[in-house]
Amino acid sequence: MAGPVLNKKKGARALNPPPRKKQKAVFAVQKEVEKEELLSDSDVTDEPEKLEESDEEEQGMDSESEMSSDADDPFANDILQGSDDEDDEEESSEGSDGDSDSDESDIEKRAKAIDDEKAREEEDAEAELQLNIKEEADEFRLPTPEMFPVVELMELIEAFEKPRPICLRTNTLKTRRRDLAGVLLNRGVNLDPLSKWSKLQSASSFLPVMALAPQEKERIVDMAAAPGGKTTYVAALMKNTGIIYANEMKESRLKSLTANLHRMGVTNTIVSNYDGRELPKVLGNNSVDRVLLDAPCSGTGVISKDESVKTSKNALDIQNCAHLQKQLILAAIDSVDANSKSGGYIVYSTCSIMVAENEAVIDYALKKRDVKLVPCGLDFGRPGFTRFRGQNFHPSLDKTRRFYPHVHNMDGFFVAKLKKMSNLKQTPQQQSETLGEVDEAPGLVESDEQNNVEGDGEKAAASGNEKRVKRKRPSREEIAKTREEKRLALREAKRKAKTESKAASK
Amino acid sequence: MRPLDENETTLVFNKLHKFVGNNLKNIVLESQSHEGPDANPGRYCFRLQKNRVYYVSESLIKRATNVKREKLVSLGTQIGKFTKAGKFHLTIQSLNLLAANAKHKVWLKPTSEMSFLYGNSVLKGGVGRITENIQVNDGVVVFSMSDVPLGFGDAAKSTVDCRKMDPNGIVVHRHADIGEYLRMEDDL
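Written out as structure tokens, the structure is:
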């Protein structure tokens, strides 16, 4: 349905550049922030509607029936009137580099236009929702209204366009910062030796290591170590004492990891090529002092380095990433010895700004294991979200830290530090509260039906709980509920079919 | 991962001896390691994994036994590789170890540092200082004037001959240099 409309609009684009640009800017922004999408040319047809509102209840990741990856434009459909906007959106997404255009318009005018749009949008959204309940595509929600005020969003997007300053870290195992600075200046490198944090320049990838604060003679695991920037930093902080297990799953990246380790003169490291989830088995449960998990993610925070992230990630990728991250963090927690004298810490970090990969994963870990969040030791950076789009997280999540390019002048990043309280595997509290755990990942639904029995039970509880979650509009509640019920019914049916077929085959 | 057998150990020690001479005992026997989380550091040992020889402290070795053979990629410092023909070559990762114990050294002038790092041999004109008593085919470690180790190689001429040479003669055949980390990352 959006298809034909779109095409038409494309033609009609020629109208007023200025106002449209503003809208375009807004939506572009939103779109870009989504990042999973690929509005390349648009098959915007999938977007049913403004799942925006309805999605407050469920995490945008919940779709099982339609993981429509093209799902990007939540707003594309939202804006019925703004057929223009759709086009604009497309345009802007295609020419994501053209963001600089939006700079031209006045912020005030823009803001006003945005407000108008929003009002219209919301009305339309309501209408759309009623009509399109069938389609269950859950687009990945734009963080817009909840994460940032719109103007800030603009800054964020623009910040993504520009490269972040390159930071250097001196390898303290081999030289001193002063010497290095001297040599580089001689070579003509423009160097600003700015030092805010303990005499080292730091870029976002060093923050997790600073949060980890490894001590000498500890046992540390770095679960996703390639290409080795963080691992070498850990070794430098530990002055080559203790032992580091550097693990990297992808063989192709192992070479660069070992080369970097040797080049930097790191001698206390064992490099292995396991899948991070197997590490507790290999190293033994409860055997190390600290774990650094820089989880593989969608890379939405480092767009300035890799523009392809804007167009190549979609909702499905994010969900898969989130699922993997949850498993990895559990493995990380299991490896740590809660009774270690000097440690018992896990640092989880991603280079992404998506809540699904950050706060949601930490929340999951808090529920599944006996750990608690502790302050990271980084006094700048914004605290993480404790609530987002209707999902409520554990209140201690404000001890996590988020970094943004437009605010901190470094890549988008998220850091959380957990302390393992005991070596038990069950958390004391069950999830009966509003900490609705929404999904065990779509992957589970598709591949792991058996394991889903438990997941479903949780889901049922969760969906019931979801009713208590704050909502903006009651009508959407109903709609969401209906969808949930439908989904559950589908799952039940699937499960039943499976068990039946099993019984039949026996 | 396994310890080296007799032949292999002989080969490795011979090669090392070329570069460090009597300091070999520092490396092998009297080494004090500071790695490992144990209170008392053990010594360093050599281990072989996939034809590569590693110089590792004992406590690391104990802990690395958990890792399966296929999955273990590296431990401690790599010092060299065995070729298919059974010969042993020192690789650039051993530079730190060699530099600390080197008997014969050559210091390069700043102008010729870059040339060496690109893989060229050391010419007489680029030599700043050279230790005495270098014989032909001795192992030599190459430093920059600021005592940063750059690589190592074989002496093509003895110190005495070196003084008489013309400026374009080769003094040191280059075996390995730190530029390899960039040029040949994949081969390391």
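Same order as they appear, the protein sequences are chains A and B.
Quick note on numbering: full-length UniProt numbering labels position 11 of the first sequence as 11, and the sequence is numbered without any gaps.
Quick note on numbering: full-length UniProt numbering labels position 163 of the second sequence as 163, and the sequence is numbered without any gaps.
Glycine included, every Cβ here is placed at the ideal spot set by N, Cα and C.
All figures in this text were calculated on a predicted structure; none of them were measured in a lab.
1) Give me the residue from A/P375, A/D363 and A/N320 with the minimum Cα distance to A/F388.
2) At the level of alpha carbons, what is the spacing between B/I170 and B/N51?
3) If we define contact as Cβ-Cβ less than 9 angstroms, is A/R290 a contact residue for chain B?
4) Any contact of the segment 230-240 of chain A with the segment 204-221 of chain A, i.e. 3+ C-beta pairs under 8 angstroms?
5) Would you kindly check if the distance between the Cβ of B/A102 and the Cβ of B/G151 is under 9 angstroms?
6) Give me the Cα-Cα distance between A/S100 and A/F380, rounded to the nearest whole angstrom.
7) In chain B, which residues lie with their C-beta within 9 angstroms of the C-beta of residue 511 of chain A?
8) Work out the CA separation of B/L188 and B/L75 for me, nearest whole Å.
9) Below 7 angstroms on C-beta distance, what does B/R47 contact in chain A?
10) Applying the 10 Å Cβ sphere with the 16-neighbour rule, what's the burial state of A/Q319?
11) How many Å lie between B/F88 and A/M223 at the Cα?
12) Sort out for me which residues DSSP pairs A/N247 with in a bridge.
13) Who are the Cβ neighbours of A/E478 in its own chain at under 8 angstroms, not counting the five residues just before and after it?
14) May I ask you to report which of helix, strand or coil DSSP gives B/V171?
15) Within 10 Å of its beta-carbon, does A/Q325 have 16 or more other beta-carbons around it, so buried, or fewer, so exposed?
16) Please determine if the segment 365-385 of chain A and the segment 397-408 of chain A are in contact, where contact requires at least 3 C-beta pairs separated by less than 8 angstroms.
17) Is there a Cβ of chain B sitting closer than 9 angstroms to that of A/R263, yes or no?
18) Given B/H173, which residues of its chain have a CB within under 7 angstroms of its CB, disregarding the five upstream and five downstream residues?
19) In the DSSP assignment, the beta strand (DSSP E) including A/Y345 goes from what residue to what residue?
20) Kindly list the residues whose CB is nearer than 8 angstroms to the CB of B/L29, restricted to its own chain and excluding five residues on each side of it in sequence; keep chain order.
21) Mapping the DSSP letters down to three states, classify A/Y364 as helix, strand or coil.
22) If the cut-off is 7 angstroms on Cβ atoms, which residues from the segment 90-109 of chain B count as contacting chain A, listed in chain order?
23) Quick check: what's the CA-CA separation for A/A76 versus A/R483?
24) Counting beta carbon pairs with one atom in the segment 241-251 of chain A and one in the segment 260-273 of chain A, are three or more of them shorter than 8 angstroms?
25) In this structure, how does DSSP classify B/G151 when only helix, strand and coil are distinguished?
26) Between the Cα of B/E180 and the Cα atoms of B/V142, B/Y118 and B/K62, which residue gives the shortest distance?
27) Under 7 angstroms between beta-carbons, which chain A residues line up against B/A64? List them in chain order, please.
28) What are the boundary residues of the beta strand (DSSP E) that includes A/K420?
29) Please report how far the alpha carbon of A/G284 lies from the alpha carbon of B/V67, in whole angstroms.
30) What are the residues that DSSP puts in a beta bridge with B/T77?
31) Give the secondary structure of A/N392 by DSSP, where H, G and I count as helix, E and B as strand, and everything else as coil.
32) I need the straight-line Cα distance from B/D166 to B/H175, nearest angstrom please.
33) List the whole-angstrom C-beta distance separating B/I79 from B/Y54, where the pair is believed to meet the contact cut-off of C-beta under 8 angstroms.
34) Pick out whichever of B/S94, B/K84 and B/H104 has its Cα sitting closest to the Cα of B/E132.
35) Is B/V160 buried or exposed, if buried means 16 or more other CB atoms sit within 10 Å of its CB?
According to the structure data:
1) Position 388 of the first sequence, counted from the start, is the residue given in the question as residue 388 of chain A. Checking every option, the nearest Cα to that of A/F388 belongs to A/D363.
2) Within the second sequence, numbered from 1, the residue matching residue 170 of chain B stands at position 170. Within the second sequence, numbered from 1, the residue matching residue 51 of chain B stands at position 51. The C-alpha of B/I170 lies about 32 angstroms from the C-alpha of B/N51.
3) As a first step, residue 290 of chain A is located in the first sequence; it is residue number 290 there, counting from the start. With 9 angstroms as the cut-off, A/R290 does not count as an interface residue toward chain B.
4) Flag = yes, the segment 230-240 of chain A and the segment 204-221 of chain A touch.
5) Along the second sequence, read from residue 1 onward, the residue named residue 151 of chain B stands at position 151. Along the second sequence, read from residue 1 onward, the residue named residue 102 of chain B stands at position 102. Here B/G151 is not near B/A102, since their CB atoms are 9 angstroms or more apart.
6) Against the first sequence, residue 100 of chain A aligns to sequence position 100. Against the first sequence, residue 380 of chain A aligns to sequence position 380. Any reading at A/S100 must be qualified, since the residue scores a pLDDT of 39, below 50, and its modelled position is unreliable; the value itself is stated next. The straight-line gap separating the alpha-carbon atoms of A/S100 and A/F380 is approximately 28 angstroms.
7) The structure shown does not extend to residue 511 of chain A, since chain A is modelled only from 1 through 506, so no value can be given for it.
8) As a first step, residue 75 of chain B is located in the second sequence; it is residue number 75 there, counting from the start. As a first step, residue 188 of chain B is located in the second sequence; it is residue number 188 there, counting from the start. If I take the Cα positions, the gap works out to 14 angstroms.
9) Position 47 of the second sequence, counting from 1, holds the residue named residue 47 of chain B. None at all; the shortest Cβ gap to chain A is about 11 angstroms.
10) Your numbering for residue 319 of chain A matches position 319 in the first sequence. Result: buried.
11) Along the second sequence, read from residue 1 onward, the residue named residue 88 of chain B stands at position 88. Along the first sequence, read from residue 1 onward, the residue named residue 223 of chain A stands at position 223. So the alpha carbons of these two residues sit roughly 33 angstroms apart.
12) Here residue 247 of chain A refers to the residue found at position 247 when the first sequence is read from its first residue. Residue pairing from DSSP places A/N247 in a beta bridge opposite A/S272.
13) Here residue 478 of chain A refers to the residue found at position 478 when the first sequence is read from its first residue. Hits under 8 angstroms: none found.
14) As a position in the second sequence, residue 171 of chain B is number 171, starting the count at 1. DSSP places B/V171 in strand when its eight states are reduced to three.
15) Taking the first sequence and counting its residues from 1, the one referred to as residue 325 of chain A is at position 325. Classified as buried, A/Q325 has 16 or more neighbouring CB atoms from the shown chains inside 10 Å of its CB.
16) Verdict: yes, contact present.
17) Numbered from 1 along the first sequence, position 263 holds the residue referred to as residue 263 of chain A. Among the CB atoms of chain B, one or more fall inside 9 angstroms of the CB of A/R263.
18) Here residue 173 of chain B refers to the residue found at position 173 when the second sequence is read from its first residue. Hits under 7 angstroms: S121, G153, D154 and A156.
19) Within the first sequence, residue 345 of chain A is the residue found at index 345, counting from 1. Per DSSP, the unbroken beta strand (DSSP E) holding A/Y345 starts and ends at Y345 to T350.
20) The count along the second sequence starts at 1 and reaches residue 29 of chain B at position 29. Here the set comprises R43.
21) In the first sequence, residue 364 of chain A corresponds to position 364, counting from 1. When secondary structure is reduced to three states using DSSP, A/Y364 falls in the helix class.
22) Residues passing the 7 angstroms Cβ filter: Q93 and N96.
23) The residue labelled residue 76 of chain A in the question sits at position 76 within the first sequence. The residue labelled residue 483 of chain A in the question sits at position 483 within the first sequence. Bear in mind that a pLDDT of 37 at A/A76, under 50, signals an unreliable position, so the number given afterwards is only what the model happens to contain. The straight-line gap separating the alpha-carbon atoms of A/A76 and A/R483 is approximately 21 angstroms.
24) Taking 8 angstroms as the limit for Cβ pairs, the verdict is that the segment 241-251 of chain A does touch the segment 260-273 of chain A.
25) For the purposes of this step, residue 151 of chain B is taken as residue 151 along the second sequence, with counting starting at 1. Correct three-state label for B/G151: strand.
26) Here residue 180 of chain B is taken as the residue at index 180 of the second sequence, counted from 1. Selected option, being the one with the closest Cα: B/Y118.
27) Here residue 64 of chain B corresponds to residue number 64 of the second sequence, with the count starting at 1. Simply I270.
28) In the first sequence, counting from the first residue as 1, residue 420 of chain A sits at position 420. Taken as a continuous stretch (DSSP letters only), the beta strand (DSSP E) holding A/K420 covers F413 to K420.
29) On the first sequence, residue 284 of chain A is found 284 positions in, with the first residue counted as 1. On the second sequence, residue 67 of chain B is found 67 positions in, with the first residue counted as 1. When the Cα atoms are used, A/G284 and B/V67 turn out to be separated by approximately 11 angstroms.
30) Locating residue 77 of chain B in the second sequence gives position 77, counting from the first residue. When DSSP reads this structure, B/T77 sits in a beta bridge with B/Y55.
31) Numbered from 1 along the first sequence, position 392 holds the residue referred to as residue 392 of chain A. Note: A/N392 maps to strand in three-state DSSP.
32) Walking along the second sequence from the start, residue 166 of chain B turns up at place 166. Walking along the second sequence from the start, residue 175 of chain B turns up at place 175. Each residue's Cα considered, the two are about 22 angstroms apart.
33) Counting from one through the second sequence, the residue named residue 79 of chain B turns up at place 79. Counting from one through the second sequence, the residue named residue 54 of chain B turns up at place 54. Indeed they touch by this definition, with Cβ atoms about 7 angstroms apart.
34) Numbered from its first residue, the second sequence carries residue 132 of chain B at position 132. The option with the nearest alpha carbon to B/E132 is B/H104.
35) Here residue 160 of chain B refers to the residue found at position 160 of the second sequence. That one is exposed.
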